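Some notes on the structure that comes next.
Number of protein chains: 2
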Amino acid sequence: MYDRRLDALIAAAETGSFAAASRRLHVSTPALVKQVNTFEREYGITVFDRSRSGVTPTAAGAEFIEDARSIVRQSNEIIARMRRRAHTGTPPVRLGISMLRPARRILDLWQREADPRIRVELVSMPDDEVPIDDIIAHLGEDIDAVATAFAPEHWTEVCGTLPISYEPLCMAVSRGNPLSRRPRLRLDDLDGRDGTRTRIRILRRCGGTDDIARDLLERLAGVELVDIDHYDLNLFNECAETGDLLISKPMWDGVHPQLVNVPVDWPRPVGMRYGLLYPADPEPQIRAFVERIGALAGVASEP
Amino acid sequence: MYDRRLDALIAAAETGSFAAASRRLHVSTPALVKQVNTFEREYGITVFDRSRSGVTPTAAGAEFIEDARSIVRQSNEIIARMRRRAHTGTPPVRLGISMLRPARRILDLWQREADPRIRVELVSMPDDEVPIDDIIAHLGEDIDAVATAFAPEHWTEVCGTLPISYEPLCMAVSRGNPLSRRPRLRLDDLDGRDGTRTRIRILRRCGGTDDIARDLLERLAGVELVDIDHYDLNLFNECAETGDLLISKPMWDGVHPQLVNVPVDWPRPVGMRYGLLYPADPEPQIRAFVERIGALAGVASEP
DNA sequence: GCCGCTTACGGAAAACGTAATAATC
DNA sequence: GATTATTACGTTTTCCGTAAGCGGC
Numbered sequence: 008m009y010d011r012r013l014d015a016l017i018a019a020a021e022t023g024s025f026a027a028a029s030r031r032l033h034v035s036t037p038a039l040v041k042q043v044n045t046f047e048r049e050y051g052i053t054v055f056d057r058s059r060s061g062v063t064p065t066a067a068g069a070e071f072i073e074d075a076r077s078i079v080r081q082s083n084e085i086i087a088r089m090r091r092r093a094h095t096g097t098p099p100v101r102l103g104i105s106m107l108r109p110a111r112r113i114l115d116l117w118q119r120e121a122d123p124r125i126r127v128e129l130v131s132m133p134d135d136e137v138p139i140d141d142i143i144a145h146l147g148e149d150i151d152a153v154a155t156a157f158a159p160e161h162w163t164e165v166c167g168t169l170p171i172s173y174e175p176l177c178m179a180v181s182r183g184n185p186l187s188r189r190p191r192l193r194l195d196d197l198d199g200r201d202g203t204r205t206r207i208r209i210l211r212r213c214g215g216t217d218d219i220a221r222d223l224l225e226r227l228a229g230v231e232l233v234d235i236d237h238y239d240l241n242l243f244n245e246c247a248e249t250g251d252l253l254i255s256k257p258m259w260d261g262v263h264p265q266l267v268n269v270p271v272d273w274p275r276p277v278g279m280r281y282g283l284l285y286p287a288d289p290e291p292q293i294r295a296f297v298e299r300i301g302a303l304a305g306v307a308s309e310p
Numbered sequence: 008m009y010d011r012r013l014d015a016l017i018a019a020a021e022t023g024s025f026a027a028a029s030r031r032l033h034v035s036t037p038a039l040v041k042q043v044n045t046f047e048r049e050y051g052i053t054v055f056d057r058s059r060s061g062v063t064p065t066a067a068g069a070e071f072i073e074d075a076r077s078i079v080r081q082s083n084e085i086i087a088r089m090r091r092r093a094h095t096g097t098p099p100v101r102l103g104i105s106m107l108r109p110a111r112r113i114l115d116l117w118q119r120e121a122d123p124r125i126r127v128e129l130v131s132m133p134d135d136e137v138p139i140d141d142i143i144a145h146l147g148e149d150i151d152a153v154a155t156a157f158a159p160e161h162w163t164e165v166c167g168t169l170p171i172s173y174e175p176l177c178m179a180v181s182r183g184n185p186l187s188r189r190p191r192l193r194l195d196d197l198d199g200r201d202g203t204r205t206r207i208r209i210l211r212r213c214g215g216t217d218d219i220a221r222d223l224l225e226r227l228a229g230v231e232l233v234d235i236d237h238y239d240l241n242l243f244n245e246c247a248e249t250g251d252l253l254i255s256k257p258m259w260d261g262v263h264p265q266l267v268n269v270p271v272d273w274p275r276p277v278g279m280r281y282g283l284l285y286p287a288d289p290e291p292q293i294r295a296f297v298e299r300i301g302a303l304a305g306v307a308s309e310p
């Protein structure tokens with residue numbers, strides 16, 4: 008909105024030093040000096056008297072700095088007004104995020120080419136108390152969209168779905184476990200040796216995709232399956248501490264520093280879709296948001 | 008002072024077309040479009056609605072354009088004020104210029120690195136009526152400095168001199184004359200053949216440098232010297248029309264489109280100095296101007 | 001067919017950072 | 001010795017123009 012060199016001039020006037028001003032603005036000193044010099048030469052004015060021990064504004068320069076401050080202030084106000092004007096009447100898209108469902112991939116896509124007409128607001132989701140199903144069932148009330156792994160056929164009646172990638176089930180392994188250094192895991196690798204059974208935590212049977220993995224793992228004598236009700240942060244903490252393995256997904260890479268996700272060579276594809284869940288009857292701005300994300304991800308959105 | 012992209016935004020709003028705006032601002036259409044796009048994305052706002060047949064400002068965009076106009080107006084006023092403040096109290100340096108004494112070399116040096124504290128004002132000098140000597144004798148009254156060829160020893164008592172280059176006498180030849188295509192001329196080349204004598208116009212003997220050239224040329228039987236009192240535009244016109252040669256100097260390159268200056272291999276150096284003449288007791292700003300020009304030309308100024 | 005907006009790509013210009021110099025406290 | 005302004009130089013980034021594609025009048 009305004010010439011960036013004004014920042015350099017103002018900082019130099021306030022600090023009385025090109026070096027100090029350059030540090031404040033996080034640029035090198037010669038770069039800032041050049042900004043000031045080119046500015047002065049471009050407009051044929053002298054703002055600063057230089058000396059070996061700093062710089063001081065000229066009499067006229069001091070008044071100029073005041074004017075420059077005014078320009079900067081007004082410019083900021085103008086763009087703030089502009090933003091406000093554009094946003095009045097159009098409510099934001101409230102995107103739910105949490106440690107277990109950080110919408111990182113979605114936000115990466117969004118900030119690559121955001122549509123300025125749509126404002127995205129991040130709202131916190133609990134990872135523990137409220138089951139994710141409840142949140143999804145009430146999309147459009149407090150939260151408009153969530154990014155998660157899901158089975159599309161499960162939600163077609165409840166909400167809209169925008170799958171943007173495939174999310175194969177993998178295994179979260181503690182860094183102390185030699186398995187964590189394998190590039191991939193086969194089922195044989197999971198079978199316990201020497202009488203010790205490998206403990207694997209897995210969602211208890213409830214008709215979802217995880218049941219396929221459970222069927223495959225139950226055939227292994229050296230595997231002890233430990234049922235879990237739902238995923239939460241405490242589950243990751245426990246697995247990190249006990250060394251138990253955990254059925255995981257790529258979207259949870261890096262959730263716990265002690266656990267690494269290792270791909271598993273399942274005999275047949277075992278995985279879910281990853282993408283956005285949004286209200287079955289979305290508001291216009293939500294629909295626009297979903298469509299833009301779909302376009303950026305290179306997929307078509309489904310009603 | 009302000010972001011140059013504002014000009015693009017305003018022009019686009021006024022013309023209703025990126026293409027028309029680009030023509031007004033003398034840039035290519037894609038360049039202007041990119042300016043608008045990067046601006047909008049940088050601040051996350053939408054100023055224009057695009058269509059295949061032009062662009063129209065958004066409701067909020069139209070108000071933004073008004074604000075932008077205000078910023079541009081204020082910025083211009085601020086730098087104008089700054090200039091006025093800096094100049095009050097310091098009178099300008101009045102540099103005399105005319106067709107025969109265009110201070111081109113001086114102005115090139117000056118605009119390469121002008122001192123913003125010194126304001127240079129160009130004032131017109133007559134080439135015909137008033138002899139240059141009168142102007143030089145009155146330096147500091149209406150005109151503070153002139154750029155011309157001169158013999159330093161002639162003026163040491165009258166005014167200050169700043170020689171910045173050597174100006175060898177050369178020959179102005181009409182383009183129709185085969186001599187005009189020679190890279191250099193020897194005295195033999197000037198000697199007339201077949202009974203026709205080469206007419207050469209030269210300053211009448213008055214104790215100056217030109218007398219040396221006159222001495223050399225008078226020995227040539229095939230040369231007819233035609234005396235002139237002083238140099239003026241009409242003299243160049245006459246030589247162009249009659250085909251007479253004219254003792255000239257490099258500083259007059261391009262004064263008359265029909266005449267070209269060709270260097271002459273004089274048996275011994277025949278030339279003058281080129282530079283600035285200024286008052287013997289110059290005002291501070293004049294002294295500063297002369298010193299700056301001397302520094303830019305790489306010579307030391309002489310009192 | 002012409003004129004508008006948009007995208008892609010190559011080259012020119014500007015900006016920056018590092019390093020080195022000189023002067024000051 | 002530490003800090004300052006300034007210069008020089010190589011590198012990176014930005015900017016612009018040309019060319020081409022695409023859609024509307």
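Listed in order, the protein sequences are those of chains A and B. Quick note: the first sequence uses this note's numbering, first residue 8, plus one each step. Quick note: the second sequence uses this note's numbering, first residue 8, plus one each step. The beta-carbon is built from N, C-alpha and C at its ideal position, and this holds for glycine as well. As the structure is a computational prediction, the values presented were derived from the model and not from experiment.
Opening and closing residue of the alpha helix (DSSP H) in which A:Val297 lies: Note, A:Val297: alpha helix (DSSP H), 291-304.
For a quick check, are the C-beta atoms of A:Leu227 and A:Asp201 less than 8 Å apart? No. Outside cutoff.
When DSSP labels each residue in this structure, what does B:Ser308 get in the three-state scheme? Note that B:Ser308 has pLDDT 47, beneath the 50 cutoff, so the model's placement of it is unreliable and no number is given.
Contacts of A:Glu50 in chain B (Cβ-Cβ under 9 Å): It is Tyr, not Glu, that sits at residue 50 of chain A in the sequence shown. The contact set of A:Tyr50 on chain B, defined by CB atoms closer than 9 Å, consists of Met8, Ile86, Met89, Arg90, Pro123 in chain order.
Can you give me the start and stop residues for the alpha helix (DSSP H) that B:Ala154 sits inside? Going by DSSP, B:Ala154 is part of no alpha helix (DSSP H) but of the beta strand (DSSP E) stretching over 152-157.
Taking the C-alpha atoms as reference points, what is the distance between A:Met258 and B:Val43? The straight-line gap separating the alpha-carbon atoms of A:Met258 and B:Val43 is approximately 37 Å.
What is the residue span of the beta strand (DSSP E) that B:Asp56 lies within? Where B:Asp56 is concerned, the enclosing beta strand (DSSP E) stretches over 55-58.
So with Cβ pairs under 8 Å, would you call B:Ile300 a contact of chain A? Closer than 8 Å: no.
Taking a Cβ distance cut-off of 9 Å, strictly less, list which residues of the stretch 52-73 of chain A are near chain B, in chain order. Identification of residues in the stretch 52-73 of chain A having a C-beta nearer than 9 Å to some C-beta of chain B yields Ile52, Thr53, Val54, Thr65, Ala66, Ala67, Gly68, Glu70, Phe71, given in sequence order.
Cα-Cα separation between B:Thr36 and B:Val165, rounded to whole angstroms: When rounded, the distance between both Cα atoms is 58 Å.
Does the pairing of the stretch 298-305 of chain B with the stretch 116-136 of chain B give three or more beta-carbon distances under 8 Å? The stretch 298-305 of chain B vs the stretch 116-136 of chain B: in contact.
Where B:Gln81 meets chain A, residues with beta-carbon distance less than 7 Å: Within 7 Å Cβ-Cβ: Ile78.
If contact means a Cβ-Cβ distance below 7 Å, which residues of the stretch 283-295 of chain A contact chain B? Residues: none.
Counting only C-beta atoms, is A:Glu47 closer than 8 Å to chain B at any point? With a threshold of 8 Å between beta carbons, A:Glu47 makes contact with chain B.
Could you check whether the stretch 174-190 of chain A touches the stretch 257-274 of chain A, counting it as contact only if at least three pairs of C-beta atoms, one from each stretch, sit closer than 8 Å? Because the criterion of three Cβ pairs below 8 Å is met, the stretch 174-190 of chain A and the stretch 257-274 of chain A touch.
Is there a C-beta anywhere in chain B that falls below 8 Å from the one on A:Ala93? True, the Cβ-Cβ gap to chain B drops below 8 Å.
Does the stretch 86-105 of chain A come close enough to the stretch 50-63 of chain A that 3 or more CB-CB pairs lie under 8 Å? Here the stretch 50-63 of chain A makes no contact with the stretch 86-105 of chain A; the two share fewer than three CB pairs at distances below 8 Å.
Select from B:Arg59, B:Phe71, B:Arg92 the residue whose C-alpha is nearest the C-alpha of B:Leu16. Cα-wise, what sits closest to B:Leu16 is B:Phe71.
Please say whether A:Val297 and A:Tyr281 have beta carbons closer to each other than 8 Å? For A:Tyr281 and A:Val297, no; Cβs fall outside 8 Å.
I need the boundaries of the beta strand (DSSP E) containing B:Asp234, first residue and last residue. B:Asp234 -> beta strand (DSSP E) spans 230-235.
With distance defined between alpha-carbon atoms, name the residue in A:Thr216, A:Leu224, A:His33 nearest to A:Asp196. Its Cα nearest to that of A:Asp196, the residue A:Leu224 stands out among A:Thr216, A:Leu224, A:His33.
Span of the alpha helix (DSSP H) holding B:Tyr50? In the DSSP annotation of this structure, the continuous segment of the alpha helix (DSSP H) that includes B:Tyr50 starts and ends at 36-50.
Can you tell me whether B:Ala121 is helix, strand or coil according to DSSP? B:Ala121: coil per DSSP, three-state reduction.
Between the alpha carbons of B:Leu192 and B:Ile293, how many angstroms are there, rounded? In this model, B:Leu192 and B:Ile293 are separated by some 40 Å (Cα to Cα).
When you compare the CB positions of A:Asp134 and A:Leu240, do they come within less than 8 Å of one another, or not? Contact: yes.
Quick one: using the 10 Å Cβ neighbour count with 16 as the cut-off for buried, is A:Gly68 buried or exposed? By the neighbour-count criterion, in which 16 or more other beta carbons inside 10 Å mark a residue as buried, A:Gly68 falls on the buried side.
DSSP puts A:Ile219 in a beta bridge; with which residues? Paired residues: none, contrary to the question.
Am I right that B:Val267 and B:Arg182 are in contact with their C-beta atoms under 8 Å? What's the rounded C-beta distance? Distance from B:Val267 to B:Arg182 at the Cβ level is roughly 6 Å; contact confirmed, criterion being Cβ atoms closer than 8 Å.
First through last residue of the alpha helix (DSSP H) which encompasses B:Gly355: Limits of chain B in this structure are 8 at one end and 310 at the other, which puts residue 355 of chain B out of reach.
Between which residues of its own chain and B:Asp151 is the CB-CB distance below 6 Å, once the five residues before and five after are set aside? Cβ neighbours of B:Asp151 beyond the five flanking positions: Val100, Arg101, Ile293.
Can at least three beta-carbon pairs, one atom from the stretch 105-115 of chain A and one from the stretch 142-162 of chain A, be found at a separation below 8 Å? Touching, per the Cβ criterion.
Rounded to the nearest angstrom, what separates A:Arg211 and A:Ala247 at their Cα positions? Approximately 20 Å, taken between the alpha carbons.
What's the gap between the Cα of B:Thr65 and the Cα of A:Arg92? Within the model, the alpha-carbon separation for B:Thr65 versus A:Arg92 is close to 10 Å.
Do you know offhand how far B:Asp10's Cα is from A:Phe243's? Taking the straight line joining both Cα atoms gives about 51 Å.
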